[in-house]
Each structure stands twice: as structure tokens, then as C-alpha cells.
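Structure, as C-alpha cells:
Below, the structure written as C-alpha cells:
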């Protein structure tokens with residue numbers, strides 16, 4: 001029986017959008033494999049670095065193998081391809097062995113070309129080389145939106161048909177419990193704050209959001225909670241204005257994030273660049289009304305279920321914030337529209353799209 005390997009490096013990394021995508025695809029794939037014939041014709045094997053087995057949820061159909069030796073980058077570029085050899089490898093988290101041909105490579109967006117100021121020179125050099133090599137070399141490519149596909153096709157000089165679309169899901173949020181202890185920790189009141197989620201990457205545009213928030217005429221009546229970590233080894237430095245009404249929590253776990261989504265007055269997504277954008281969908285799934293940047297990728301994913309603003313205009317951001325704070329009937333309409341919109345985004349559908357891609361590339365047979 002043929003082995004199909006999955007690069008599990010992401011289980012040893014902090015959870016951002018890429019790791020969320022990869023983890024949920026693995027869980028959904030494990031579920032759908034129990035009902036289809038592919039599980040009888042091949043073995044799916046998740047390969048992980050040493051020390052991360054405790055991070056992996058129980059899997060029934062996918063076997064887990066720990067590969068000792070090296071760590072992080074060297075594990076992926078040396079240990080992993082030496083073990084896999086000529087077998088097929090699936091890469092779900094935006095990185096992959098540089099020179100392996102028999103693999104699928106997931107590229108989430110073209111930010112390294114469209115928004116290079118957000119990254120270090122070393123990061124840009126490595127990923128631009130990896131993208132260019134793999135788009136011409138590997139068996140198959142996946143991305144998460146039509147917008148990302150179009151931008152990657154343009155920058156990398158390959159046809160759009162090279163990319164299979166595997167949109168993100170959001171139903172993981174439904175199986176997550178809620179930990180409301182975070183309200184006491186930060187002195188927050190339900191419905192008394194706006195929420196923003198993301199890394200300290202300059203592309204997330206939190207500095208503009210903070211400037212807009214501090215200039216609100218009713219800023220004293222509500223707080224702004226900003227959730228997410230930063231990675232100084234990758235991202236350029238970003239200044240954040242100190243303000244008693246602004247709370248930076250750093251990273252929180254999924255249970256605390258669920259509580260914050262559920263009880264926020266509104267969710268704000270001021271990003272200057274996105275390939276898809278999971279946080280607005282998570283917020284909508286929790287019944288939180290959303291206002292976000294009018295980017296093509298967000299318009300593609302969220303449609304008319306949210307409010308929009310120009311992320312380059314402080315006044316435009318302020319107008320959106322004031323409306324979501326003050327206009328209760330508008331918030332209610334967004335809540336209804338949001339809950340309806342997110343029904344189409346499931347991880348089971350994403351896993352089935354991955355299987356379709358494997359069939360099209362001849363990795364598995366019908």
C-alpha cells in the first residue's frame with residue numbers, strides 16, 4: 001500500500017492562520033478518510049519533529065511518525081526529504097523542502113511580493129526563492145482564494161491553472177469551549193470593547209486602527225482589545241501607542257479567543273494585505289458583527305455580510321468604528337448576515353478539495 005506523507009512541522013509552531021489551516025485540514029482529512037475508498041488504497045502518514053507529539057489531537061486514519069534529528073528549518077529541508085525519499089509529500093503550512101518534486105505546496109498569498117516591507121530581507125530572499133523553484137518544480141500547488149491565485153500567478157509567471165483552490169473553513173470555532181476568565185484578567189466588560197486579532201506584522205495595520213480609535217469622540221466609553229503576538233525575527237518593528245483604553249493581550253488560547261469574539265461589541269479587521277482572512281469568519285461564526293478593510297480578498301470571502309472601510313484613511317476607519325459602536329440595528333443585521341455567510345466555509349469541504357487535487361494530479365486513484 002502506498003504511503004502519502006504530510007509535513008507536520010507546523011505542530012511545533014505557534015498557531016497563526018497558516019498553522020490553523022494546516023491543523024484543521026489534517027483533522028478533517030482524518031475524518032473524511034473513514035468514509036471513502038482512498039483510505040483503503042494508500043496510507044496517510046503525518047511526519048512530525050521530535051517533541052511535538054503532545055500537540056497533536058487524536059487521529060484515527062492518519063498514522064503519526066516522529067522523526068528525530070535536526071529541528072525546525074533543517075528538519076524540513078534535510079531530515080524530512082531524506083526520510084520521504086521518492087514518496088509523495090503534502091505541505092499545508094506555507095513552507096516545503098526546496099528541491100523535492102513529488103509534493104504539493106500550499107502558498108497562502110503573495111505578500112512577499114505585494115507587501116515586502118513587512119518582512120526581513122532574509123525571510124524575503126528565502127521564500128521568494130522557494131516560491132519560484134516550487135511553482136515550476138513540484139507536482140501541484142494549492143492556495144486559499146481566487147485573489148491569492150491571481151496575484152501569485154502574476155508574480156511567479158505561471159498559469160492560474162497550476163493552482164487548486166482550497167478555501168479555509170471556520171467550523172473549528174463551534175467545537176471550541178469558551179473561557180471567560182480573560183474578562184476578569186483584563187478588567188473587560190461584555191459588549192464593552194471592540195476586538196482586533198492578528199500578529200504585529202505592519203500589514204495588519206494596527207497602528208492606524210489605534211490612531212483612529214484614540215480620535216473617536218466616544219473613545220472613553222469603550223475599550224479596544226488587540227490580540228496576537230509578534231515575531232521580531234521576521235517582522236519589521238512597529239510602534240504602538242500606549243492608551244489606558246487599549247488592551248494588548250498578546251497571544252491567547254482558543255478558549256479565551258472564543259469568549260472575546262462572543263462578547264465583543266464588534267470585530268475590526270484593518271489589514272492592508274490578506275490572502276483570505278480567517279479572523280473575520282471566526283468572529284461572524286460567534287455572532288460578532290464585523291467591519292473590515294475593503295480589500296479584494298476580504299470582499300471575495302465575506303461579501304455583503306460585513307461593513308467595510310478604507311484602511312489607508314483614518315477618517316474612514318473612525319466612521320466604521322463609530323457606526324459599529326453606536327448603531328445597534330446595523331450590528332444586528334451584520335450578525336444575521338455573518339452567521340449565514342460562514343455556513344459555506346467548512347474544513348470538511350476543504351479536505352475534500354485536497355483529495356480532489358490529489359486525484360487530479362494522479363497521486364491517488366478513484
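In my numbering, the protein residues as written are 1 to 366. We put the CB at the ideal spot given by N, CA and C, even for glycine. None of the values given here were measured: they were computed from a predicted structure.
- If you compare the alpha carbons of 312, 159 and 42 with that of residue 362, the shortest gap goes to 42.
- Around the Cβ of residue 174, a 10 Å sphere holds fewer than 16 other Cβ atoms; the residue is exposed.
- Residue environment analysis places residue 218 among the exposed positions, since fewer than 16 neighbouring C-beta atoms fall within 10 angstroms of its C-beta.
- The shortest CA-to-CA distance from residue 313 to any of 141, 270 and 147 is the one to 270.
- In this structure, residue 258 places its C-beta atom within 9 Å of the C-beta atom of residue 179.
- Taking the Cα of residue 192 as reference, the smallest distance to any Cα among 364, 143, 221 and 24 is reached at 221.
- In the three-state scheme derived from DSSP, where H, G and I count as helix and E and B as strand, residue 138 is classed as coil.
- With contacts defined as CB atoms closer than 9 Å, residue 188 and residue 252 fail to qualify as a contacting pair.
- Sequence-distant partners of residue 132 (beyond 5 residues in either direction) whose C-beta falls short of 7 Å from its own C-beta, in its chain, are 156.
- Only residues of its own chain outside the window of five on either side were considered, and among them 7, 9, 95, 96 and 97 have a CB closer than 8 Å to the CB of residue 76, listed in chain order.
- Between the alpha carbons of residue 68 and residue 50 lies a distance of about 5 Å.
- The beta carbons of residue 267 and residue 342 sit no closer together than 9 Å.
- Ranked by how close their Cα comes to the Cα of residue 109, the residues 120, 127, 214 and 103 have 127 in first place.
- 9 Å or more divides the Cβ of residue 203 from the Cβ of residue 264.
- The beta carbons of residue 151 and residue 123 sit no closer together than 9 Å.
- For residue 100, there is no enclosing alpha helix (DSSP H), as DSSP gives it neither H nor E.
- No Cβ-Cβ contact shorter than 9 Å links residue 80 with residue 354.
- By the criterion of at least three beta-carbon pairs nearer than 8 Å, the region 206-215 is not in contact with the region 280-289.
- Under the DSSP definition of a beta bridge, residue 2 partners with 42.
- By the Cβ neighbour-count rule, residue 184 is exposed, with fewer than 16 other Cβ atoms within 10 Å of its own.
- Contact between the region 295-303 and the region 312-332 is absent: fewer than three C-beta pairs spanning the two stretches fall below 8 Å.
- Counting along the chain, the unbroken alpha helix (DSSP H) around residue 336 starts and ends at 328-341.
- Sixteen is the threshold: since fewer than 16 other Cβ atoms of the shown chains lie within 10 Å of the Cβ of residue 57, the residue is exposed.
- A straight-line Cα-Cα distance of about 8 Å links residue 334 and residue 307.
- Between residue 224 and residue 194 the beta-carbon gap is near 5 Å, inside 8 Å, which marks them as a contact.
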